[in-house]
Structure formats: C-alpha cells, structure tokens
Amino acid sequence: ARRNRDRVQIATKVTGPSGMVRPQGYDGATIRQTVEASLRRLRTDHIDLYQLHWPQRGSYAFRQNWRYDPSGQDRQKTLDHMADVLGAIADLHRAGKIGAFGLSNESAWGTARWLDTAERLGAPRVVALQNEYSLLYRAFDTDLAELSVNEGVMLLAYSPLATGLLTGKYQDGTAPDASRAAVDLAAGGPGNLGGRRTDRAIAAVTAWRALARDLGLDPIHMAVAFTRQRPFPSIPIIGTTSLPQLDQLLAGRDLVLSDEALRRIDQLHRAHPLPF
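Counting from 111, one number per residue, gives the positions in the sequence shown under this note's numbering.
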C-alpha cells in the first residue's frame, strides 16, 4: 500500500464539541496531538486534507437549523480560537504533515473568518467545506454558494442521496436490512435518519422518482449529477455498503443533466422546500 501512497488522497478530521468523541472540542495543542495520532494510525507521514469536523462555537448542522441561536457567541473568543488553531495548522503544514486545510458543518460567517485569519497569519487557507447537501437539503445554495465561488472553497457534499432516502428504499415505511435506519433501530435509536425521514421528505422523494421516470433517468444517477452540476465547486461524497451499490453509482458518473432537467428539478424544489 505504501508504494501507492501517491495515488490516493487521505483526508481525516478532528471533531469539535459534538458530544460524540471529544465533547471539550479542540485548540492548537489538541490539533498537534490529533494530527500525530492520525499519522500513526494511518501509517503515513502526510495527511492530504485535514478538517475541523465541527465549529468550536457550535453549528446549525444536523437539524439544529430549526432552533439555531448564535446570540451567545463571543466574537473575539472565536477569532482568538481560530488564530490558535491556525498557528498549529501552519506549523504542521510547514513540517509537511498536512497538505490542505478544510472545515465541516461550518457557516458562511465562520468560513469567511477562517479565511481572513489565515490570510492575516500567513497560514493555509480553507480549500474545502464538508457540509450536507442534496436535493432535499439545500442550505448551501445562497450565502455559502457565494462564498464558495468567490473564495475558491470546494463543497464536499455529504449525504448527496439524503442518507438513502433518494434511492426510494424507505418509501414503504420499512427499514431494509443493513440500511442506516435498520442499524439505528437495532441500536435502540428512532431510525429516522437523523431527523430526515419525515412525511414531507417521503412526499418529495415520490415526486423526485416520478420526475426521474419522466426524464428516463435513474433517480440515483440524477441526484449525484445534480450535486456535481451546481453553480459552485462541488464534489459529492458517495457511500456504499456493497459492490453492486458502488457499481450502480459509478455507472452514472458521466451523466450530465440537460437544461430542461435542471429546470424541472428547480420546480420540484420550489414545491418541496426543506422537507426535513
């Protein structure tokens, strides 16, 4: 595997105060420790893209947008935190341990401040933003899209199939074996795909699949192609649990949606806005 290191791009993250792994979040000293630990676990000497998985100050990702309240944020504390983290990122970059720097679940304001701070310090600037994006969740389409275009920040779109909803496999109300919903249910969770599996989402998927039939397209291929053809730089992150799923996704890699298809997708979006 080491002989082929130059043929792969390795990306990894440090998580912020999400309650999952590192509830205390991170600072510059933490970044230095986590990068070294990742290098050891990955058995490599270089991480191509290192990302901050959650903003230290909080985020509206994962359905938190419905009750998002930034009024308790301390601007100067946030800027000082960014400078501390970017100092560590700059040191690790100079040492050759990190190539590019990215964010995840960030906002337009937060990304702009990371960019400003990096420019002031001479540190690596943000090149990628890993946020949720799909036909059913288009929070990126306005302020973040403008930032992405003007600052050259690539969207790494996670959940481009809305955690499987756009495949249609949840339309009958069940959770297929080995699906994300089934795994969550088996672990005692609600099986609602992180709040995405709603009545309005099911209605939107029904309309989506009907549109795909009208256009003579595979609904999965159409969903991935749509994400790739946004008017901002975007790469969909695809995930599979079997080789047949991967084969199906790769079969649509050259699909380019027509202007008519994009117009009708826009109509569908207006009829089914923000369904979860």
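Using N, Cα and C, we set each Cβ at its ideal position, and we do this for glycine too.
| What's the call for A296, buried or exposed, on a 16-neighbour Cβ count within 10 Å? | Counting C-beta atoms within 10 angstroms of its own C-beta, A296 has fewer than 16 neighbours from the protein chains shown and is therefore classed as exposed.
| query | Alpha carbon to alpha carbon, how far is W164 from P127? | reply | P127 has its alpha-carbon roughly 7 angstroms from the corresponding atom of W164.
| So is L271 buried or exposed if we call it buried at 16+ other beta carbons inside 10 Å? | Here L271 is buried, its C-beta having at least 16 other C-beta atoms within 10 Å.
| query | Would Y160 be called buried (16 or more neighbouring beta carbons within 10 Å of its own) or exposed? | reply | Per the 10 Å Cβ criterion, buried.
| said: Mapping the DSSP letters down to three states, classify S258 as helix, strand or coil. | reply: DSSP, reduced to helix, strand and coil, places S258 within a helical segment of the structure shown.
| message | Quick check on DSSP: helix, strand or coil for E63? | response | What is shown of the chain runs 111 to 386, which leaves residue 63 out entirely.
| field | Own chain, CB closer than 7 angstroms to G220, minus 5 neighbours either side, in chain order | value | Cβ within range, chain order: P165.
| said: Rounded to the nearest angstrom, what separates Q134 and D158 at their Cα positions? | reply: If you take the alpha carbons of Q134 and D158, they lie about 26 angstroms apart.
| field | Run of the alpha helix (DSSP H) containing T188, from where it starts to where it stops | value | From DSSP, the alpha helix (DSSP H) with T188 extends over R185 to R204.
| task | Check each candidate in M332, T308 and A317 and name the one with the smallest Cα separation from A381. | result | For A381, the nearest C-alpha among the options comes from A317.
| task | Quick one: give me the first and last residue of the alpha helix (DSSP H) that P329 is part of. | result | Counting along the chain, P329 sits inside the alpha helix (DSSP H) bounded by residues P329 to R338.
| task | Ignoring anything shorter than 3 residues or poking outside the region 248-317, list the beta strand (DSSP E) runs there in chain order. | result | As far as the region 248-317 is concerned, its whole beta strand (DSSP E) runs of at least 3 residues are 264-268.
| How would you write the range of the alpha helix (DSSP H) that Q355 sits in, first residue to last? | Counting along the chain, the alpha helix (DSSP H) containing Q355 begins and ends at L353 to A361.
| query | With 16 other CB atoms within 10 Å as the buried threshold, where does A313 fall? | reply | Answer is exposed; the Cβ neighbour count stays below 16.
| Taking all protein chains shown into account, do 16 or more other C-beta atoms lie within 10 angstroms of the C-beta of V366, making it buried, or fewer, making it exposed? | With fewer than 16 other Cβ atoms within 10 Å, it is exposed.
| query | Under the rule that 16 or more other beta-carbon atoms within 10 Å means buried, what is R306, buried or exposed? | reply | Counting Cβ neighbours within 10 Å, R306 comes out buried, since at least 16 surround it.
| request: Give a yes or no on contact between the region 190-205 and the region 232-242, applying the rule of three or more CB pairs nearer than 8 angstroms. | output: A contact exists between the region 190-205 and the region 232-242.
| field | Residues near R379 in its chain [Cβ-Cβ closer than 8 angstroms; skip 5 each side] | value | The question names Arg, but residue 379 in the sequence shown is His. Answer for H379: L245 and R248, listed in chain order.
| task | Assign T221 to one of three DSSP states: helix, strand, or coil. | result | DSSP, reduced to helix, strand and coil, places T221 within a helical segment of the structure shown.
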